[in-house]
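Novice: Chains as they are written, first to last, in our numbering: chain R, 1 to 393; chain G, 394 to 786. Below is a structure I'd like to ask you about.
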């Protein structure tokens, strides 16, 4: 066995009704929270008011920032961090999907640097390494989707409006101190959001499993997460009120987050290519991976026969008597069948990409997501990325 | 899904040669370490000197306490904690099996209370709840056996010489900050130690899986740990130098530790009964569970047919066509076969217990290990415990 290391520093509360834990957050966090959420969804469903009430019942003063954008932008973070400092908040609470949780992380981080612009800390910025930065203020994540796994990763993704990029970054200090995963909050998610976020979970888990940094620790989580998405996403899409299916998807999401967030673990080239589509088009994050995933599997399946064969098995697409090599070779097709089953076999054109964007997207993949690219089991150069993009048009 | 919570606050470094991480320990821990180990084993193998050297290379001053007993006693801890305070140490490093790591935890805890006697904090003592105690000094665990899983649990077990008990206790502050699991340190373990500690791992994992506090998180670890012990213990016993088998056993041990150490997870009645044998006889810890395990399984197998059936499967003892109930009913026999296979199907008499000790052992199980007892899937009263002990004589 190769050497590896891990921890799960976040205290995760999982279960229906666990939103109530917000009442117990105060000790060790502080007395004044900035609660970040998207007005449109969280206010309408009443979840935002409930969360704010629970925090107040726990003795926490709450500053609500309900202007989180579905793909949060640098200018949003800069404004919210300035407000955090002006209001003398002690910690952030991100309530929602990846956008709210990532905003909570970015605001807690930027505020700890004394404000300014988050652009300085994103790929290409002068302090993009995050070295010698001050640790972020404490962060609480409450996830209301089974989607980004942001509640158990250090990563946050902010759109760079200047360069049309969607870089991911983060360090130990941007792991949530406390994460709350309450499947009850997910029963009202529309079918399409359930699908798009569920597909993101599938890619996190599958990519973690075929990353060159996968470990016996991350494998425990990624295997089980793939299995649970395949088994439960259809049910959750067809009957959003099925709390058991919602719970299993939510658990898959949290596990997939751990699989890409612990130690040196990571996603691979699929996320690198997907993010760069997101920077150009504002397409739903999960669908960008659906567009490029099959081409990536075709390019890489022979890099590790055993692992790619297991992907085919975990996707439930193994046929009796197939050799490991046949199973591995079948993995792109297994992924395509899975995407078709959930109605999201999409092309890049479906997402608004045209051929003229491929050069810029390739630049962006290398500039902003080379970390993930380099975790692929096959080394990928510029020509490889262009070819995968073309194949996915 | 029922609600549950978890974290893995310990940073675990796993792999051959990872002992070297001791050079990086200093930041956040302090400048002076008390290094606790058993002279007989650690000094002879040269591991103690290597560990001390690595700490010194990292800028840490080292106070060596190489007088750890195989079953550490209250009087040892009291003396070592006094030395820790006198020498103004900042943290402890436990190097060895459960005895050294548990000593490191107990010393770090007792020293934080300003010294005195650890008896005050053990079951029956005036501060046994550990409430309102000061958090322990930082702890580093380096495990040289695939045994107690102490490196990833908050628990420490100290023999109460006054009452001949072996109570376990611990709180959040007695989780190791850093754990090092280096299978290379295990290749020289004698066959018998390999077996007795490996059997302990099997019981941790199996008990965690059939505990009423098992969660989807602990199940990930306990299932994989059972599987790995069954597959690798024989090889590690027969060829101690097989580093791959040693690594897999070591990983099983660390996972089993997580399965009994996270959230509200726990072992069950088997450990409660086993510990009380250990208090009376100084028998190797793993063997005490081997003696009482089968009687426990016979008593409880029908409490959860699905889980006990899976135990039989995980032990590799399922026969084709068996119903879940047949599999569950077979679990005591599956455990017995497994123990026989590893040459440790022992009775309590083999361990030096006679019938006259059963009453005192039963008292001790309820007094010192009721937490574990109450995690059993069947509620167990005094008569049940006496009956299981008699059956195991």
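A virtual CB, placed ideally from N, CA and C, is assigned to each residue, including glycine.
Applying the criterion that 16 or more other CB atoms from any shown protein chain within 10 Å of the CB defines a buried residue, is residue 417 of chain G buried or exposed?
Specialist: With fewer than 16 other Cβ atoms within 10 Å, it is exposed.
Novice: For residue 277 of chain R and residue 98 of chain R, I'd like the C-alpha separation in whole angstroms.
Specialist: Their backbone Cα atoms lie some 17 Å apart in a straight line.
Novice: Are any of the Cβ atoms in chain R nearer than 7 Å to that of residue 602 of chain G?
Specialist: Not an interface residue.
Novice: Report, in whole angstroms, the separation of the C-beta atoms of residue 147 of chain R and residue 197 of chain R, which I expect to be a contact under 8 Å.
Specialist: Indeed, because the Cβ distance is near 3 Å, the residues count as touching under 8 Å.
Novice: Can you name the residues of chain G whose CB is closer than 9 Å to the CB of residue 5 of chain R?
Specialist: Here the neighbours are 404, 405, 406, 407, 408, 411 and 414.
Novice: Within 8 Å, do at least three Cβ pairs link the stretch 759-766 of chain G to the stretch 557-575 of chain G?
Specialist: The answer is yes - the stretch 759-766 of chain G touches the stretch 557-575 of chain G, with three or more Cβ pairs under 8 Å.
Novice: Along the stretch 283-313 of chain R, where does the CB come closer than 8 Å to a CB of chain G? Name the residues.
Specialist: Answer set for the stretch 283-313 of chain R: empty.
Novice: By how many angstroms is the C-alpha of residue 108 of chain R removed from the C-alpha of residue 127 of chain R?
Specialist: Going by the C-alpha atoms only, they are around 16 Å apart.
Novice: When we look at the beta-carbon of residue 359 of chain R and count the other beta-carbons within 10 Å, is it buried (16 or more) or exposed?
Specialist: Result: exposed.
Novice: Is it buried or exposed for residue 479 of chain G, if we count other Cβ within 10 angstroms and need 16 for buried?
Specialist: Exposed, because fewer than 16 other Cβ atoms sit within 10 Å of the Cβ of residue 479 of chain G.
Novice: For residue 800 of chain G, go through chain R and note every residue whose CB falls closer than 9 Å to its CB, in chain order.
Specialist: In the structure as shown, chain G starts at 394 and stops at 786, and residue 800 of chain G therefore has no counterpart that could be examined.
Novice: Find the residues of chain G that neighbour residue 2 of chain R, judging by a C-beta separation of less than 8 Å, and give them in chain order.
Specialist: Under the 8 Å cutoff, chain G gives 408.
Novice: Could you tell me whether the stretch 578-596 of chain G touches the stretch 546-555 of chain G, using the rule of 3 or more Cβ pairs below 8 Å?
Specialist: As far as the Cβ criterion goes, the stretch 578-596 of chain G does not touch the stretch 546-555 of chain G, which means the pair count is below three.
Novice: DSSP three-state label for residue 504 of chain G, please.
Specialist: Helix.
Novice: Spatial neighbours of residue 423 of chain G within its chain, please: CB distance less than 6 Å, with the 5 preceding and 5 following residues excluded, ordered by chain position.
Specialist: Hits under 6 Å: 483 and 484.
Novice: What residue range does the beta strand (DSSP E) around residue 11 of chain R cover?
Specialist: Start and end: 4-14.
Novice: Please confirm if residue 613 of chain G has its CB atom under 7 Å from at least one CB of chain R.
Specialist: Closer than 7 Å to some Cβ of chain R, the Cβ of residue 613 of chain G qualifies, so yes.
Novice: Closest to residue 528 of chain G by C-alpha separation, out of G:505, G:472, G:681 and G:463, would be which residue?
Specialist: Residue G:505 is the option with its Cα nearest to residue 528 of chain G.
Novice: Please classify residue 304 of chain R: does DSSP put it in a helix, a strand, or coil?
Specialist: Three-state DSSP puts residue 304 of chain R in coil, outside helix and strand.
Novice: Does the beta carbon of residue 401 of chain G come closer than 7 Å to any beta carbon on chain R?
Specialist: It does: the Cβ of residue 401 of chain G has a partner Cβ on chain R nearer than 7 Å.
Novice: Residue 51 of chain R and residue 95 of chain R - do their beta-carbons sit closer together than 7 Å?
Specialist: In this structure, residue 51 of chain R lies closer than 7 Å to residue 95 of chain R by Cβ.
Novice: Are the C-beta of residue 420 of chain G and some C-beta of chain R separated by less than 7 Å?
Specialist: Closer than 7 Å: no.
Novice: If you measure from the CB of residue 270 of chain R, is any heavy atom of the ligand MG nearer than 6 Å?
Specialist: With respect to small molecules bound, the structure shown includes none, and the ligand MG cannot be examined in it.
Novice: Tell me the residue span of the alpha helix (DSSP H) that contains residue 372 of chain R.
Specialist: 370-373 is the extent of the alpha helix (DSSP H) around residue 372 of chain R.
Novice: Should residue 503 of chain G and residue 476 of chain G be called a contact, given that it needs their Cβ atoms to be closer than 7 Å?
Specialist: Against a cut-off of 7 Å, the Cβ pair of residue 476 of chain G and residue 503 of chain G comes out as no contact.
Novice: Taking only beta-carbon positions, decide if residue 154 of chain R is within less than 7 Å of chain G.
Specialist: By this cut-off, residue 154 of chain R is not an interface position.
Novice: Straight-line CA distance for residue 225 of chain R to residue 56 of chain R?
Specialist: Roughly 35 Å between the two C-alpha positions.
Novice: Contact check, residue 299 of chain R vs residue 378 of chain R under 8 Å by CB: the rounded distance?
Specialist: Rounded, the Cβ-Cβ distance is 7 Å, consistent with contact.
Novice: Relative to the C-alpha of residue 19 of chain R, which candidate in R:141, R:2, R:79 and R:114 has its C-alpha closest?
Specialist: Nearest C-alpha to residue 19 of chain R: R:141.
Novice: Show which residues of chain B have a CB atom less than 9 Å away from the CB atom of residue 637 of chain G.
Specialist: Checking the listed chains, one finds no chain B in this structure; the protein chains it contains are R and G.
Novice: What's the gap between the Cα of residue 207 of chain R and the Cα of residue 782 of chain G?
Specialist: Using only the alpha carbons, I get a separation of about 50 Å.
Novice: Would the stretch 627-644 of chain G and the stretch 567-576 of chain G be scored as touching if the rule is three or more Cβ pairs under 8 Å?
Specialist: Segments in contact, yes.
Novice: For a test of the three-state rule: what should DSSP assign to residue 582 of chain G, helix, strand or coil?
Specialist: Coil, per DSSP.
Novice: Check residue 36 of chain R in the structure and name its three-state DSSP category.
Specialist: Correct three-state label for residue 36 of chain R: strand.
Novice: Ignore the nearest five residues each way along the sequence and tell me which others in residue 406 of chain G's own chain have a CB closer than 6 Å to its CB.
Specialist: Here the set comprises 414 and 573.
Novice: Hey, residue 694 of chain G and residue 724 of chain G: beta-carbon distance below 7 Å or not?
Specialist: Taking 7 Å as the Cβ cut-off, residue 694 of chain G and residue 724 of chain G qualify as a contacting pair.
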